[in-house]
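Going letter by letter, the sequence shown gives residues -27 to -1, 1 to 234 in mature numbering (1 follows the signal peptide of the UniProt record, and there is no 0).
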Amino acid sequence: MHNNKHYPLLKVSMTTLALLVTPLTQAQDKAAEASQGTQEELNVDAADQQKQGTTKTTNEASTGKSVGQNVASVSQPATPLVPSEAIWDSFHGQLNAQKYSPLKQITAENVNKLTKVWEFHTGDVSDGKGETPATVWSATPIFANQTIYIGTPFDRLIALDPGTGKEKWHYDTKSSRKALTQPVLKNRGVSYWQAKQPVAGEACQKIVYMGTVDGKLFALDADSGKPCSGFADKWRAGYQSVEHGERQISAVHSSATNGGR
């Protein structure tokens, strides 16, 4: 008798549970299908990025194609944290400082088969035994505008062809080579900016920024290496913060020797 009284309740409970689980399962299936479709689109986009970011020859490095930029239907911010192109345009990669590249050409399976294609010597080296303080390499080269940009310990900026390693141009800031706030000379790297729709032939539509040991911020045309006209007169020594379009750029030269920024 005791069990018979509870059977109807059990049947009702199980029926209610089935009714609740069914729509939940359907919703999960739809979400999974949507997620799978989005992932397939992202995989296609990633493949396009890999093709563009791969540099084997000078011709491939100079194509400058923009691919896979219209996959997402969701509106994106004016300056995306992770660009759709395969670039590394700031010290830690992109604006979200992820320190990680999504490219997949180098894997655990092929990393031991890589061979050196080229190397470049800046010549900006000192052991500290003479009048020039010792140098420490502390700058991550950036890749943007189909070019590798390097800031040296002597505060020179060098642009290289990524396919051949040959120098495109260099600029000497003629900054002090004295240990002003630290015992060694170092450069924390450079940053890149470009207009949303660069005008061909117009100077400083693409800019490389570099801060120096003596508290100056330089803005150079990314294609020619020439200083941007009027920039140095407005933004000069000390703590530099520049608002250029929708992006703000701040340059602080580290006075620390162990990981300071």
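Note that CB positions come from ideal geometry on N, CA and C, so glycine has one too. Quick caveat, the model's predicted, so the values are computed rather than measured.
Item                                                                                                    : Value
Simplified DSSP state of E82, which is helix, strand or coil                                            : coil
Which residues DSSP lists as bridging E140, in chain order                                              : L133
Reference Y73, options I79, H65 and H143, closest by Cα                                                 : H65
C-beta atoms of V163 and I121 nearer than 8 angstroms                                                   : no
Closest by C-alpha distance to D187, when choosing among S148, I60 and G174                             : S148
Buried versus exposed call for V172 [16 or more other C-beta atoms within 10 Å across all chains shown] : exposed
F64 (DSSP reduced to helix, strand or coil)                                                             : coil
Three-state secondary structure assigned by DSSP to F204                                                : helix
CA nearest to the CA of L190, picked from Q71, T108 and T146                                            : T146
Straight-line Cα distance separating S99 from P156                                                      : 12 angstroms
DSSP three-state assignment for V90, whether helix, strand or coil                                      : coil
Counted within 10 angstroms of its Cβ, other Cβ atoms place T185 as buried (16 or more) or exposed      : buried
DSSP beta-bridge partners of G184                                                                       : L190
Start-to-end residues for the beta strand (DSSP E) that takes in T120                                   : T120 to G124
Heavy atom of the ligand ATP within 7 angstroms of A117 beta-carbon                                     : Summarising the ligand content, the structure contains no ligands, and the ligand ATP is consequently not present.
A117, DSSP secondary structure in three states                                                          : strand
Assigned secondary structure, A210 (DSSP; H/G/I helix, E/B strand, else coil)                           : Below a pLDDT of 50, predicted positions are generally treated as unreliable, and A210, at 42, falls in that range; the measurement from the model is reported next regardless. Of the three classes helix, strand and coil, the one that applies to A210 here is coil, per DSSP.
Three-state class that DSSP yields for residue 249 in the structure shown                               : The question about residue 249 has no answer, for the chain in this structure spans -27 to 234.
Proximity winner among D134, N160, R129 and A107, relative to N118 (alpha-carbon distances)             : D134
Cβ of A195 within 8 angstroms of any chain D Cβ                                                         : In the displayed structure, chain D is absent; only one protein chain is listed.
Cβ shell of G124 (< 6 angstroms), same chain only, five flanking positions each side left out           : A112, L130, N160, G162, V163 and M183
Cα-Cα separation between I60 and A81, rounded to whole angstroms                                        : 22 angstroms
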